[in-house]
């Protein structure tokens, strides 16, 4: 099962653009990430110098003043009790260094936190659930899950502003290459913003421990070119595909408990507990980014979600083979 | 040798003059500090939740200022001082009277709290689970009242043993510590009263 | 002798009744109020919990050695890291604080016991009850028969994950109540330490002459007194929520999830200093003795530790940079967190200056101290990085944080504790620990520790979040995790050397004598192990190094005071 998941994971590639799987915080692709790297590199520089000086002193002291085997005299070394000048020096110098670092932090904090959204900013509402992400586009009336489509902005002119909240426990939004963490806290709305400069798929994990499947709560930001983003929004705004070829399958789906938890716009399926499935097939992954969205995985997932993601809140519905076949074929019609 | 004698004589002198604070005093002071830290957190929780209840009943609908109980508790701080003074003068009769008055004032306070809770729970249907007001009200007032109960237990132990002839004048130090503890909860009540009654009823 | 208001106990005729009776000796330990027996019981139970938590850590590292590994499932993994963290902090760190304090402080300040001996015993037993209650969750936690399990909410147990709605059964209650009880133990012990240092010092030992160890543990006790009640308050609120339906952390009823974080970290950050202070205290004794010089800048050291004792109460929200605080709050807490690095730096400088110009005896206690200095330096500097809020937005809750706090608590605290154990074992047992095994222990543990935790910093840079039970290959984390997991092997081997060393040396170590290290504080003035009454006659001191004065009558310390 794990080998299968591994295999599937390696195949997750967005056509045309490479998925960026090495999420190095020192290779940011967006403004908040750049600002944070600037502060980080400066801090690392300062602390590295301190480390070299102090560690050098310690090592030198230990080496220089170790008791040599030849020294067998009981003579004690000179008893030195202290020196106020030296104490003052190693109090004042660190304080000065600290004030420089405080200044740098304050500037970057204000720059990232207090940036006002440009007028064309895209507004996205990200809602944490136990082990998946709900993504809403209030201006477009789109609801999707686990994959945030945003326009790439090579010039940084069109940022995406995220409203973050949660319906159950605390989660945390973190796409290392785009921006540091902001928590999704129930009964509270937080804000974060991203502006990916290059089209591509940016990966992140939930960064606040949120229960059993915290490890398998992956989030992707998919930065499209403006044209692709436009096509995507138009496609997402449509109600669910009503493919006459799968009308039997649709009826089976409608008769099952699936409808209690999943919303498929334009059908009687209006549940709110699970991810919106209206355009399931437009998503690249299943189960909060852990399985590539293909027939085999979809079938296995619907059959028994507890196998791929033990402890997740979707139960195995114990469908018989025929029902399973029909549910999968219906879901696959939701382009 | 002469120097050694000097040092030895010096040591005797140091031993004689060596004075340190009483361990009970230090113990009670720091016990009060740690209790203060505990209460501060409950007071802080109360303060941030003022006016945050999503449903009623709200303080303005159901809460009444417990003026008499407050006066009783605060004056018990005075009567326990009188009792202490009497004990210091070895006047056991007066001590017993003031001690009994302190106990009665404290018991009235506890009774008033009980009556208030009874009214809130059975008439106004406000429980700890009802809303944030109920949560913070019962936890803070309850935390204070539970400490008063502990203090009351000690007061009663002192009173009953004294009635049965225990020589309480030998325990003047411990009576002093008990009275410090009692004063502390009177002052905590001033804060609880401000936060639970005055702020929601008069300010917000 | 005004401070002693109970009679001197004279040696019992133990030697005359050589017959060993198990029940009598058990009774002696269980009913004891002797600070040395209680101190030993604290340290031994802490060591037992250390081994348990270490085994848990090994399983965690086994699970993470390879991507998509399945040594344990997600539930088990979450319980493991919760119990590992809770055990290390509350059942290893805190009893070590208490154990070293209650064993050594009365000896060092020249008195016969703690200020409140029975309270001391109460503190130990309530701590042990708390620990057992926490571990009983493995049997009783699930709330259904045959469905026991440990808590799985993380050691800081963020609300609302701990509310009834998300954490069913009784596991979280065992966590809250077990930790609450052990916290009561810590608070009464701290009270006891403060009363002892203020009221029980031997004649001539003014506060300014008190050994540095006692000074640091005094400030430590102060921090326990003011910082643990917030945690107790939070746990009481949590239990009110879970069992009476209160709404403190119930976000559906308007409660705040952030309140728990504030309460927890108001405790949690001072707690970090509470845990590291024993190491500071130990270093301040071991380094001077092994350098043959007095502690450099004693007043500055006292000032620094006192400053930490107060500044550290105002830095807690640096654990919460990601919760969306205002930029002013973030800046304030970034600033205060960096400022607390200044007194910490002063301490490192003073220890180094103490060694400078000395004659360093390279024995095991000093080796652990030197490794402490370098590793704690790394921990301090990564701490500065985490205090820079914008950098922390990236590093928060990643493996960088895991590496950082293991550098403080293992590279710092545990190394310091080992130094202390090698240093005081001769006093406690009357036997020397074996030097060769000690060096093996040191090098194995030091290399293994750095293999594991130095590498894990880089996993954080590559975006690996903490507390994940598995991860996918291809994200650059594989090799790092494998090296980190392999580091467990030398660490475990080192601990085995240590345990074997203790067993072997207690049975047939070289007799230590009263003062094997040629040291200067009062505990070395009595026999090893010390008699029940500690000192036949209470000493009178004139300086902070009374035994130096005794050994160098021509050039005593008090001439310079």
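Protein chains in written order, with the numbering used here: chain A, 2 to 336; chain B, 856 to 1059; chain C, 58 to 618.
We put the beta carbon where it would ideally sit given N, CA and C, even for glycine.
Predicted model only: the values in this text are computed from it and were never measured.
Residue 296/C to residue 150/C span [Cα, whole Å]: 24 Å
Burial state of residue 53/C, where buried means 16 or more other Cβ atoms lie within 10 Å: The structure shown does not extend to residue 53/C, since chain C spans only 58 to 618, so no value can be given for it.
Those residues which DSSP pairs with residue 176/A across a bridge: 180/A
Cβ pair residue 131/A, residue 57/A closer than 7 Å: no
Residue-chain proximity (residue 615/C, chain B), Cβ-Cβ < 7 Å: no
Test item: CB-CB of residue 472/C and residue 428/C under 7 Å: yes
Bridge-paired residues (DSSP) for residue 31/A: BP columns for residue 31/A are empty, so no partner.
Buried versus exposed call for residue 867/B [16 or more other C-beta atoms within 10 Å across all chains shown]: exposed
Cross-chain neighbours of residue 229/A in chain C, by beta carbon under 7 Å: Those do not exist, as residue 229/A stays about 25 Å from chain C at its closest Cβ, beyond 7 Å.
Residue 133/A versus residue 387/C: straight-line alpha-carbon distance, rounded: 29 Å
Within chain E, partners of residue 421/C - CB distance below 7 Å: Looking for chain E here will not work: the only protein chains present are A, B and C.
Backbone CA spacing between residue 142/A and residue 117/A [nearest angstrom]: 24 Å
Burial state of residue 237/A (16 or more Cβ within 10 Å): buried
Unbroken alpha helix (DSSP H) run spanning residue 87/A, endpoints: Per DSSP, the continuous alpha helix (DSSP H) segment holding residue 87/A begins and ends at 85-114.
Cβ pair count under 8 Å reaching 3, the stretch 267-285 of chain C against the stretch 178-185 of chain C: Verdict: no, contact absent.
Interface partners of residue 312/A on chain C, CB under 7 Å: 131 and 132
Test item: CB-CB of residue 883/B and residue 1035/B under 7 Å: Against a cut-off of 7 Å, the Cβ pair of residue 1035/B and residue 883/B comes out as a contact.
Run of the alpha helix (DSSP H) containing residue 561/C, from where it starts to where it stops: 545-565
For residue 488/C and residue 585/C, the rounded distance between their alpha carbons: 8 Å
Among 98/C, 439/C and 597/C, nearest to residue 485/C - alpha-carbon criterion: 98/C
7 Å Cβ shell around residue 321/C - same chain, five flanking residues per side excluded: 213, 288 and 291
CB of residue 205/A within 7 Å of CB of residue 240/A, strictly: No, the Cβ-Cβ distance between residue 205/A and residue 240/A is not below 7 Å.
Amino acids of chain C, ordered along the chain, whose beta-carbon sits closer than 7 Å to that of residue 907/B: 311
Residue burial classification, residue 63/C (beta-carbon count within 10 angstroms, cutoff 16): With a pLDDT of 37 at residue 63/C, under the threshold of 50, the modelled position of that residue is not reliable, and the figure given next carries that caveat. Counting Cβ neighbours within 10 Å, residue 63/C comes out exposed, since fewer than 16 surround it.
Whether residue 197/C touches residue 207/C by CB criterion (7 Å): no
Where residue 192/A sits in the DSSP three-state scheme: strand
Separation of residue 330/A from residue 272/A, as counted between CA atoms: 20 Å
Distance, residue 181/A Cα to residue 449/C Cα: 8 Å
Under 7 Å between C-beta atoms of residue 22/A and residue 523/C: Against a cut-off of 7 Å, the Cβ pair of residue 523/C and residue 22/A comes out as no contact.
Contact with chain C by residue 856/B, beta-carbon distance below 7 Å: Low confidence applies to residue 856/B: its pLDDT is 43, below 50, so where it sits in the model is not reliable, and the reading given next is rough at best. False, the Cβ-Cβ gap to chain C never drops below 7 Å.
The beta strand (DSSP E) enclosing residue 1012/B, as first and last residue numbers: Residue 1012/B -> not in any beta strand (DSSP E); alpha helix (DSSP H) instead, spanning 987-1018.
Reduced DSSP secondary structure (H/G/I, E/B, other) of residue 151/A: strand
Cβ-based burial, residue 261/A [other Cβ within 10 Å; buried from 16]: exposed
Within-7 Å CB hit, residue 168/A to chain C: By this cut-off, residue 168/A is not an interface position.
Length of the line joining the Cα atoms of residue 257/C and residue 889/B: 21 Å
Residues, ordered as in the chain, of the stretch 874-887 of chain B that lie near chain C by beta-carbon distance below 7 Å: 874, 875, 876, 877, 878, 881, 882, 885 and 886
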